[in-house]
Amino acid sequence: MSLSVNIKKRLGKFLLDVQFEGDSGVTCLLGASGCGKSMTLKCIAGIEKPDEGRIVLDGKVLFDSKEHINLPPQKREVGYLFQNYALFPNMTVRQNILCGLHGEKDRERKEARLSEALRMMELSDLKDHKPAQLSGGQQQRAALARILVSDPKLLLLDEPFSALDGHLRDSIKLQLRDVLNRFGRDVVMVTHNRDEAYNMSRQIAVMEDGHMLTQKPTKELFADPESVSACILTGCKNIAKAEKAGEYLVDVPDWGIVLKTGKPVKDGLKAVGIRAHSFSQSETENGCPVCFVEEMEEPFETILQFRFQNQKEGTAPVWWRVSKEARPKTFPDRIGVKPEKLLLLYK
Amino acid sequence: MNIDWYPLINSLRVATIGCVLVFFLGIFFAYYAARLPRVIKGLLDVVLTLPMVLPPTVCGYFLLMLFGNRRPLGSFLSQFGIQFVMTWYGAVLASTVVAFPLMYRTARGAFESFDETLAYSGQTLGLSNTFIFWRIRMPACRQGILAGLVLAFARALGEYGATSMLVGYIQGRTATISTTVYQLWRTNDESGAFFWVMINLAISVVVLLAVNLLESGQKKQKAR
Numbered sequence: 238m239s240l241s242v243n244i245k246k247r248l249g250k251f252l253l254d255v256q257f258e259g260d261s262g263v264t265c266l267l268g269a270s271g272c273g274k275s276m277t278l279k280c281i282a283g284i285e286k287p288d289e290g291r292i293v294l295d296g297k298v299l300f301d302s303k304e305h306i307n308l309p310p311q312k313r314e315v316g317y318l319f320q321n322y323a324l325f326p327n328m329t330v331r332q333n334i335l336c337g338l339h340g341e342k343d344r345e346r347k348e349a350r351l352s353e354a355l356r357m358m359e360l361s362d363l364k365d366h367k368p369a370q371l372s373g374g375q376q377q378r379a380a381l382a383r384i385l386v387s388d389p390k391l392l393l394l395d396e397p398f399s400a401l402d403g404h405l406r407d408s409i410k411l412q413l414r415d416v417l418n419r420f421g422r423d424v425v426m427v428t429h430n431r432d433e434a435y436n437m438s439r440q441i442a443v444m445e446d447g448h449m450l451t452q453k454p455t456k457e458l459f460a461d462p463e464s465v466s467a468c469i470l471t472g473c474k475n476i477a478k479a480e481k482a483g484e485y486l487v488d489v490p491d492w493g494i495v496l497k498t499g500k501p502v503k504d505g506l507k508a509v510g511i512r513a514h515s516f517s518q519s520e521t522e523n524g525c526p527v528c529f530v531e532e533m534e535e536p537f538e539t540i541l542q543f544r545f546q547n548q549k550e551g552t553a554p555v556w557w558r559v560s561k562e563a564r565p566k567t568f569p570d571r572i573g574v575k576p577e578k579l580l581l582l583y584k
Numbered sequence: 003m004n005i006d007w008y009p010l011i012n013s014l015r016v017a018t019i020g021c022v023l024v025f026f027l028g029i030f031f032a033y034y035a036a037r038l039p040r041v042i043k044g045l046l047d048v049v050l051t052l053p054m055v056l057p058p059t060v061c062g063y064f065l066l067m068l069f070g071n072r073r074p075l076g077s078f079l080s081q082f083g084i085q086f087v088m089t090w091y092g093a094v095l096a097s098t099v100v101a102f103p104l105m106y107r108t109a110r111g112a113f114e115s116f117d118e119t120l121a122y123s124g125q126t127l128g129l130s131n132t133f134i135f136w137r138i139r140m141p142a143c144r145q146g147i148l149a150g151l152v153l154a155f156a157r158a159l160g161e162y163g164a165t166s167m168l169v170g171y172i173q174g175r176t177a178t179i180s181t182t183v184y185q186l187w188r189t190n191d192e193s194g195a196f197f198w199v200m201i202n203l204a205i206s207v208v209v210l211l212a213v214n215l216l217e218s219g220q221k222k223q224k225a226r
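Chains as they are written, first to last, in our numbering: chain E, 238 to 584; chain R, 3 to 226.
Here is the structure:
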């Protein structure tokens, strides 16, 4: 299984210029809204035509500007789950799924595959309902069923959880992951949500402003995002400009501190990031004097904002996130962070 | 009373055939105009909508300029026995031209509000573009297109100006309800004119009721 994408497309002032390889399993395109993630999916599906480049899926050329190949979406065998699911409103669930089975000419097999899909997606009781009568989760299952029966080689998911109510999201994530595992094909998923990206994917490609920043296995990306944008997208709250001050030392002028690092610092360091979870009052290494600013409570955790003693005026306070049980009764004078928790950002 | 029903039959025939033509032409142009580059689309839009804002007699004038027997196109067509001047199918042509913009504009509005992702998802599922058009796009735009069709029918039925320019009034050959009303009034047959006015009124009421029904159906669908 392999997908290789290398395309350019100009849209007014915006230039989409992406290269990435989809490996087996779920690949996630992570990026802020408007960075060209959905456009990339549309180019892969053949809904939009790139200006130049090449898209190859499993050895089959879907698009090649030099060879003038541009297969219509119908011939690409690429399934596309739209953000709003795009179920046909004038058809029942059953008719919608049959649309995905139009290639199956054998009547008995068609019926069998239909009822198999209805059963697998728990839609058997809803098969005669119109999409408008279904809940968000049911609509998503119906749309997925319709795509999966058409047996695509690649499945594209465009923000699959954005249209769902918050309390449904986690259970539907689990369901979807389960379905995708059974489906066993390549999946490219687009999201701006780091939790979804982490939950669902084995590797992540980070996009910014129409181009690809990095592509890495998910856990490696979160452990070492390398660039400031990727660091922000993976949810890091504390990022400050930094300079190399020694082989294992960085100087952070905005915070007025020098920190030890776990990894040797390379030349060209741009910034450091420290995740809000990484601080600890009992940590002696990198212990710095701090003063409390503000607290914001969440149901099970709390966010404590503080400033370093010599932090520059006008810079944002630092976020420290702890569980309520671990929250110190009185705010500590010194807070430390393990050297290996420092994220070194070079781009 | 011995009534010559020809104007009613002819009017219904003209309006129905005109309506069928307008349906396909309107949908064709509404669908393809939306896909053209902006400048061409704007120009085409003006040309296609002109018959709606021009006085029908001016449309009739243009039609005569094109299809008159001594004009190039008219004389060319008459070699094949096709003549639009002074024939009932000339009336079809006139009412089609005048009613076309109503269908075109309402259909375009309906197509513009169509959620394109439905078409895209159909394509990625491997459905043919024809299937997508007739089974997904048209049903989704059904209300707007039907409303346009009813309006076009009403307009075609009531067409007077262009029709009288192109096909005049020949009893039993080109007479429609609207030209008959004028003709009878002109020849001091007030009761005859009144009779046809009532017929026309009845048809118009039915048409307007149909429009209202369609619109309330549309609202219900949206509320859901």
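For each residue, glycine too, the CB sits at the ideal point set by N, CA and C.
query                                                                                                                                                                                                   : result
Got a sec: which bits of the segment 317 to 330 of chain E sit with their beta carbon under 7 Å from any beta carbon on chain R, in order along the chain?                                              : Tyr317, Phe319, Asn321, Ala323, Phe325, Pro326, Asn327
With DSSP collapsed to three states, give me the class of Arg226 of chain R.                                                                                                                            : Residue confidence for Arg226 of chain R is low, a pLDDT of 47 falling below 50, so the modelled location carries little weight and cannot support an answer.
At the level of alpha carbons, what is the spacing between Lys246 of chain E and Glu289 of chain E?                                                                                                     : 7 Å
Would you say Ile540 of chain E lies against chain R (beta-carbon separation less than 8 Å)?                                                                                                            : no
What are the start and end residues of the beta strand (DSSP E) that includes Tyr317 of chain E?                                                                                                        : 315 to 318
To test your reading of the DSSP string, which unbroken beta strand (DSSP E) runs of 3 or more residues are found completely within the segment 245 to 311 of chain E?                                  : 251 to 259, 263 to 267, 289 to 294, 297 to 301
Leaving out five residues before and five after Leu401 of chain E in sequence, what residues of the same chain have Cβ atoms less than 8 Å from its Cβ?                                                 : Gly373, Gly374, Gln377, Ile409
Going by other Cβ atoms of all chains shown within 10 Å of its Cβ, with 16 needed for buried, is Trp136 of chain R buried or exposed?                                                                   : exposed
Using the Cα positions of Arg188 of chain R and Phe197 of chain R, report the straight-line distance between them to the nearest angstrom.                                                              : 15 Å
Compare the C-beta of Ile281 of chain E with all C-beta atoms of chain R and state if any pair is closer than 8 Å.                                                                                      : no
Nearest CA to the CA of Thr329 of chain E: which residue from E:Lys364, E:Lys456, E:Ile469?                                                                                                             : E:Lys364
Given this structure, state the Cα-to-Cα distance separating Arg226 of chain R from Ala369 of chain E, to the nearest angstrom.                                                                         : Because the pLDDT at Arg226 of chain R is just 47, under 50, the model does not fix this residue reliably, and the value given afterwards should be weighed accordingly. When rounded, the distance between both Cα atoms is 8 Å.
Could I get the ranges of all uninterrupted beta strand (DSSP E) runs contained in the segment 350 to 402 of chain E, with 3 residues as the minimum, in chain order?                                   : 391 to 395
Does any residue of chain E bring its CB to less than 8 Å from the CB of Arg226 of chain R?                                                                                                             : With a pLDDT of 47 at Arg226 of chain R, under the threshold of 50, the predicted position of this residue should be treated as unreliable, and no value is reported.
With the cut-off set at 8 Å, would you say Phe113 of chain R and Ala36 of chain R are in Cβ contact?                                                                                                    : yes
Kindly indicate which three-state DSSP category Glu445 of chain E falls into: helix, strand or coil?                                                                                                    : strand
Given Ile441 of chain E, which residues of its chain have a CB within under 6 Å of its CB, disregarding the five upstream and five downstream residues?                                                 : Cys265, Leu267, Ala434, Thr455, Leu458
I'd like to check one pair, Ile476 of chain E with Gly499 of chain E: are the Cβ atoms closer than 8 Å?                                                                                                 : no
If you count every other CB in all the chains shown that lies within 10 Å of the CB of Met358 of chain E, and 16 or more means buried, which is it?                                                     : buried
List in chain order: all unbroken alpha helix (DSSP H) runs of 4+ residues lying wholly within the segment 106 to 193 of chain R.                                                                       : 118 to 126, 144 to 160, 163 to 169, 179 to 188
Starting from Ser586 of chain E, follow the alpha helix (DSSP H) in both directions and report where the run begins and ends.                                                                           : What the structure shows of chain E is the stretch from 238 to 584, and residue 586 of chain E is not part of that stretch, so it cannot be assessed.
With 16 other CB atoms within 10 Å as the buried threshold, where does Gly128 of chain R fall?                                                                                                          : buried
Please go through the same chain and pick out, in chain order, the residues whose beta-carbon is closer than 8 Å to the beta-carbon of Leu50 of chain R, but skip the five residues on each side of it. : Phe31, Ala35, Phe102, Pro103, Tyr106
For my contact list, Phe25 of chain R and Leu151 of chain R are in at a C-beta cut-off of 8 Å; report their separation, rounded to the angstrom.                                                        : 6 Å
Step through the CB atoms of chain R and report whether any lies within less than 8 Å of the CB of Arg383 of chain E.                                                                                   : yes
Please list, in chain order, all residues of the same chain as Arg331 of chain E whose beta carbon is under 6 Å from its beta carbon, the five residues on each side excluded.                          : Lys364
How many Å lie between Leu450 of chain E and Met444 of chain E at the Cα?                                                                                                                               : 6 Å
For Pro39 of chain R, go through chain E and note every residue whose CB falls closer than 7 Å to its CB, in chain order.                                                                               : None at all; the shortest Cβ gap to chain E is about 15 Å.
I'd like to know whether the C-beta of Tyr33 of chain R is nearer than 8 Å to at least one C-beta of chain E.                                                                                           : no
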